[in-house]
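Visitor: This structure is in structure tokens; I'll ask about it shortly.
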Amino acid sequence: MWPRRNLQDLLGIEHPIIQAPMSGITTPELVSAVCNAGALGSLGCGLLPSELVREQVAAIRTATDRPFNLNFFAHPRPSVDNKAAAEARQRVQRYYDELGLGTAPEATEPFPIFDSSRLGLVLELRPRVVSFHFGLPGADALNALKRAGCLILSSATTVAEARWLEAAGVDAIIAQGAEAGGHRGTFTDDAGAGTVGTMVLVPRVVDAVRVPVIAAGGIFDGRGIEAAFKLGASGVQIGTAFLGCPESNVPPPYREALRAATDLSTHVTRMYTGRPARVLRNRFSSEMAAGDALVLDFPLQASLTMPLGRSADGDIRPDFLPMWAGQGASAGNNLPAGEFVRRLVNEAQEKHS
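For the sequence shown, this note's numbering puts the final residue at 375, and the numbers step up evenly by one.
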């Protein structure tokens, strides 16, 4: 059926499709539906407190007995520059004034670091797969995860990053092209990191490493899966196409923006969190584009921008909300997740037959 089965055999899944983690958007319902359809569902844990991770994993395990993936950020602890922080607050203050939010807050760390506490959480939960964005935690943490039976995935945006990940001991590499939505997985200072497209990146990574390579970025149908296999990949990771699924935690204004998207609707900005991320253009990301280099270290910048996108009572402000999306956003999809996986499989296998 599939040209290669090494990824399925490694992960214990039926189809070589991974639903991207997309922290804050994935839900236990989405993850379990993908798993039950034979692919690998992923829960984005980068923004979640540990107790909520426990609750959501319990819900996933109630709904499926198949392997799933827990994803974490592996970013270093940011350094706070008081002068830069004051300037960053000043840049966003006009929006706080406009929205009646008072004074922009002091910059803080809104996302958890993958520290010993988070490691202990994963060792307690023991998912089949653990994936990381922005590199990897230290060798001791990786060894502990491997001893617990967890398989390790991480994203690379250059060949050099892929080689480093393989040398560090990952079991498979996600080759993330520049078309991908959300945060780039870049973790080096290479000026070209994250700017290489999927069609170029995937075969180069395949030639450079021995572990299975998973193509990511701009894949939203069976044609993309077929192309990834022809480039040498052993599977694909798909994110944006799952945003429209009813199981995803995407608020109505975000869904409306996705439905209205064209092939020119996305761009890359650092203004939301401090790291480059592909989003649907909105007022905030467009107006702040000129100051894109003047941001705080990830994730400090997010502590200044998160209050703009949602009111205290949860109302969405689409002019300010980061709406993560890849260049395939205009393709659209609103099928239930399990049905969407089955459609992807049918489309891809028609290409193989």
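C-beta atoms are modelled at their ideal positions from N, C-alpha and C, and glycine is treated no differently. Predicted model, so just to flag it, every value in this text is computed and none were measured.
Exposed or buried, which one is S54 when buried takes at least 16 other CB atoms within 10 Å?
Guide: Buried.
Visitor: Relative to the C-alpha of V144, which residue among P98, L187 and F94 is closest?
Guide: Checked all of P98, L187 and F94; the closest Cα to V144 is F94.
Visitor: So, V151 versus L167, is the Cβ gap smaller than 8 Å?
Guide: No. Outside cutoff.
Visitor: Please state the DSSP three-state secondary structure of S308.
Guide: S308: helix per DSSP, three-state reduction.
Visitor: For G171, which option in A189, L29, P149 and A126 has the closest C-alpha, if you only look at C-alpha atoms?
Guide: Residue P149 is the option with its Cα nearest to G171.
Visitor: Hey, P100 and D319: beta-carbon distance below 8 Å or not?
Guide: Going by C-beta atoms, P100 is nearer than 8 Å to D319.
Visitor: Cα separation between R364 and A250?
Guide: The straight-line gap from Cα to Cα measures roughly 18 Å.
Visitor: Where does L143 sit, in a helix, a strand or coil, going by DSSP?
Guide: Helix at L143.
Visitor: Using the beta-carbon count (16 or more within 10 Å), is G336 buried or exposed?
Guide: Counting Cβ neighbours within 10 Å, G336 comes out exposed, since fewer than 16 surround it.
Visitor: Given a threshold of 16 other Cβ atoms within 10 Å of its Cβ, counted over all protein chains shown, does T288 qualify as buried or as exposed?
Guide: Its Cβ being crowded by 16 or more others within 10 Å, T288 is buried.
Visitor: Roughly how many angstroms lie between the CA atoms of L70 and M23, to the nearest whole one?
Guide: Each residue's Cα considered, the two are about 37 Å apart.
Visitor: Rounded to a whole number of angstroms, what is the C-alpha to C-alpha distance between L330 and G46?
Guide: Approximately 16 Å, taken between the alpha carbons.
Visitor: Please report the Cβ distance between T217 and A189, rounded to the nearest whole angstrom; I am assuming they are in contact, meaning their Cβ atoms lie under 8 Å.
Guide: Rounded, the Cβ-Cβ distance is 23 Å, inconsistent with contact.
Visitor: Determine the contact status of F264 and Q78, defining contact as a CB-CB distance below 8 Å.
Guide: Taking 8 Å as the Cβ cut-off, F264 and Q78 do not qualify as a contacting pair.
Visitor: Check R300 in the structure and name its three-state DSSP category.
Guide: Reduced to three states, the DSSP call for R300 is strand.
Visitor: Pick helix, strand or coil for I247, following the three-state DSSP scheme.
Guide: I247 falls in the helix class under three-state DSSP.
Visitor: Under 8 Å between the Cβ atoms of E269 and A359?
Guide: Result yes, Cβ atoms of E269 and A359 sit closer than 8 Å.
Visitor: So T86 is in the beta strand (DSSP E); what residue range does that whole segment cover?
Guide: It is not in any beta strand (DSSP E) - T86 carries neither H nor E in the DSSP assignment.
Visitor: When the Cβ atoms of the segment 118–125 are set against those of the segment 177–194, are three or more pairs found closer than 8 Å?
Guide: At 8 Å Cβ cutoff, the stretches do not touch.
Visitor: Taking the alpha carbon of G240 as the reference point, which residue from L32, A161 and E248 has its own alpha carbon closest?
Guide: For the residues L32, A161 and E248, the minimum Cα distance to G240 belongs to E248.
Visitor: Need the endpoints of the beta strand (DSSP E) that V290 sits in, please.
Guide: First-last of the beta strand (DSSP E) with V290: T288 to T291.
Visitor: Can you tell me whether P50 is buried or exposed? The criterion is at least 16 other CB atoms within 10 Å of its CB, across all chains shown.
Guide: It is buried - the Cβ of P50 has at least 16 other Cβ atoms within 10 Å.
Visitor: Given Y276, which residues of its chain have a CB within under 6 Å of its CB, disregarding the five upstream and five downstream residues?
Guide: The residues are M345.
Visitor: Residue range of the alpha helix (DSSP H) that P121 falls in?
Guide: The sequence given here has Leu at residue 121, not Pro. That run of the alpha helix (DSSP H) goes N104 to L121.
Visitor: Using a Cβ-Cβ distance cut-off of 8 Å, determine whether S325 contacts chain C.
Guide: Annotation note: the requested chain C is absent from the structure, which comprises a single protein chain.
Visitor: Tell me whether P355 is buried or exposed, calling it buried when 16 or more other Cβ atoms sit within 10 Å of its Cβ.
Guide: First, the residue type needs correcting, since residue 355 is Asn and not Pro in the sequence shown. Classification of N355: buried, given that the 10 Å Cβ count is 16 or more.
Visitor: So, helix, strand or coil for V151, using DSSP?
Guide: V151 falls in the strand class under three-state DSSP.
Visitor: Assuming I224 and A202 make a contact with CB atoms under 8 Å, what is their CB distance in whole Å?
Guide: Residue 224 is actually Val in this sequence, not Ile. Contact flag wrong, Cβ pair sits at about 12 Å.
Visitor: Any contact between the segment 296–303 and the segment 81–92? By contact I mean 3 or more CB pairs, one from each, below 8 Å.
Guide: Flag = no, the segment 296–303 and the segment 81–92 do not touch.
Visitor: Terminal residues of the continuous alpha helix (DSSP H) containing L280?
Guide: Looking at the DSSP string, the run of the alpha helix (DSSP H) that includes L280 is P274 to R281.
Visitor: From which residue to which residue does the alpha helix (DSSP H) around A334 run?
Guide: No alpha helix (DSSP H) holds A334; DSSP gives it neither H nor E.
Visitor: Name the two residues that bound the continuous alpha helix (DSSP H) containing A190.
Guide: Segment V181 to A190, the alpha helix (DSSP H) holding A190.
Visitor: Can you round the beta-carbon distance between L62 and N91 to whole angstroms, since I take them to be within the 8 Å contact cut?
Guide: With 8 Å as the limit, L62 and N91 qualify as a contact, their Cβ atoms being about 6 Å apart.
Visitor: Quick one: using the 10 Å Cβ neighbour count with 16 as the cut-off for buried, is G246 buried or exposed?
Guide: The residue in question, G246, is buried, as its Cβ has 16 or more Cβ neighbours within 10 Å.
Visitor: Express the C-alpha separation of V272 and L52 in angstroms, rounding to a whole number.
Guide: Rounded to the nearest angstrom, the two C-alpha atoms are 11 Å apart.
Visitor: Report buried or exposed for T327, applying the criterion of at least 16 other Cβ atoms within 10 angstroms of its Cβ.
Guide: With 16 or more Cβ atoms within 10 Å of its Cβ, T327 is classed as buried.
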